[in-house]
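Following our numbering, the numbering of the sequence shown begins with 428 at its first residue and continues without gaps.
Report on the following structure.
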Amino acid sequence: MSSAGVEIVSQGQGQSTREVLSRIDFGGCITLFLMIGSSLTWLSVKFNEDLPRTDTQVVVPLTFSFVFFLLFLVVEFTIAPETVLPPCLLREKLTLLVGLSNYFVLVCNFSVVYFVPLWF
């Protein structure tokens, strides 16, 4: 409703679809998703099925998550024209602190969701 009758005009030339798609970091996105998927698979197999650490169903996803993490770093630092996460942000203290804060909030939320039902 609020955009009815509104016409936005921007200066300069528009970019073609090919130019816009060439700027997307597909390699970084795919390696990041595969790393996260491998990590979640490792967590699921290790802790839900209670398999030993030396079992191949535990070792393979953990190895893949490390490999995809290294591939993500290679793609981001060498190949990608516009990265998912700019490398200059990885060197700043604030980025590290925000990541740690998000991690601790995630751990607290998981512990509440998992352990509170066990107590009651």
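A virtual CB, placed ideally from N, CA and C, is assigned to each residue, including glycine.
Can you grab the Cα-Cα spacing for the pair residue i / residue j, in whole Å?
{"i": "V447", "j": "L489", "result": "35 Å"}
{"i": "F537", "j": "Y530", "result": "11 Å"}
{"i": "A507", "j": "F453", "result": "8 Å"}
{"i": "V472", "j": "Q484", "result": "7 Å"}
{"i": "W513", "j": "W546", "result": "Per the sequence shown, residue 513 should be read as Pro rather than Trp. Those two C-alpha atoms are separated by around 44 Å."}
{"i": "F499", "j": "G455", "result": "6 Å"}
Sort the options by Cα distance to residue i and report the nearest one.
{"i": "L396", "options": "L545, V511, K520", "result": "Lying outside 428 to 547, the shown extent of the chain, residue 396 is not represented and no answer is given."}
In three-state DSSP terms, what is residue i?
{"i": "E509", "result": "coil"}
{"i": "Q442", "result": "coil"}
{"i": "L478", "result": "coil"}
{"i": "F491", "result": "helix"}
When burial is assigned at 16 or more other CB atoms within 10 Å of the CB, is residue i buried or exposed?
{"i": "E503", "result": "buried"}
Identify the continuous alpha helix (DSSP H) that holds residue i and give its terminal residues.
{"i": "V472", "result": "Per DSSP, V472 belongs to no alpha helix (DSSP H) and is neither H nor E."}
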